[in-house]
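A short worksheet on the structure shown next.
In mature numbering (1 follows the signal peptide of the UniProt record, and there is no 0), the protein residues as written are -24 to -1, 1 to 119.
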């Protein structure tokens, strides 16, 4: 009887942890620094491919995987002259995905390290992240 109960508990744990893992990655924003693009996937299906700007020479965009830590419809950078950062999704300290007015620079490195998007695309990602929940979103940045 103990063995049957232990098997049931183990199976339930595996099932729940598997469900949690898949929920945690329902929305993925993958930034490819080399191509200066972001691919947004929901439940494994590509929704968007957008041009971005990552760090220009002298600055760096971190690589790795993170969950959003905070979100702001409008944020102003205290570090860079109160520059507007619409639809900010912060993922690692002061690094964020956010909208920009410098759309002519999208597709090439231009930022202080953040991921810049067209503001309307940042709004789409922001609203999708809010809807799905920040815990169910992952930011992946690769070279």
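In this text, a Cβ means the ideal position worked out from N, Cα and C, and glycines have one as well.
Just so you know, these numbers come straight off a predicted model, no measurement behind them.
Please look up how many angstroms separate the CB atoms of residue i and residue j, rounded, as I've assumed it's under 8 Å.
i: residue 76; j: residue 105; result: Not quite, the Cβ-Cβ distance comes to about 18 Å (not below 8 Å), so this is no contact.
i: residue 74; j: residue 63; result: 6 Å
i: residue 70; j: residue 55; result: 7 Å
Just the Cα atoms here: how many angstroms apart are residue i and residue j?
i: residue 1; j: residue 7; result: 15 Å
i: residue 3; j: residue 36; result: 24 Å
i: residue 10; j: residue 78; result: 19 Å
i: residue 110; j: residue 81; result: 28 Å
i: residue 114; j: residue 68; result: 12 Å
i: residue 66; j: residue 20; result: 22 Å
i: residue 58; j: residue 90; result: 15 Å
What is the DSSP secondary structure of residue i, reduced to helix, strand or coil?
i: residue 43; result: coil
i: residue 80; result: helix
i: residue 114; result: strand
i: residue 68; result: strand
i: residue 102; result: helix
So, is residue i buried or exposed, given that buried needs 16 or more other C-beta atoms within 10 angstroms?
i: residue 29; result: buried
i: residue 14; result: buried
Exercise. In the stretch 2 to 36, which residue ranges form an unbroken beta strand (DSSP E) of at least 3 residues, counting only runs that do not cross its ends?
Worked result: 3 to 8, 13 to 18 and 21 to 27
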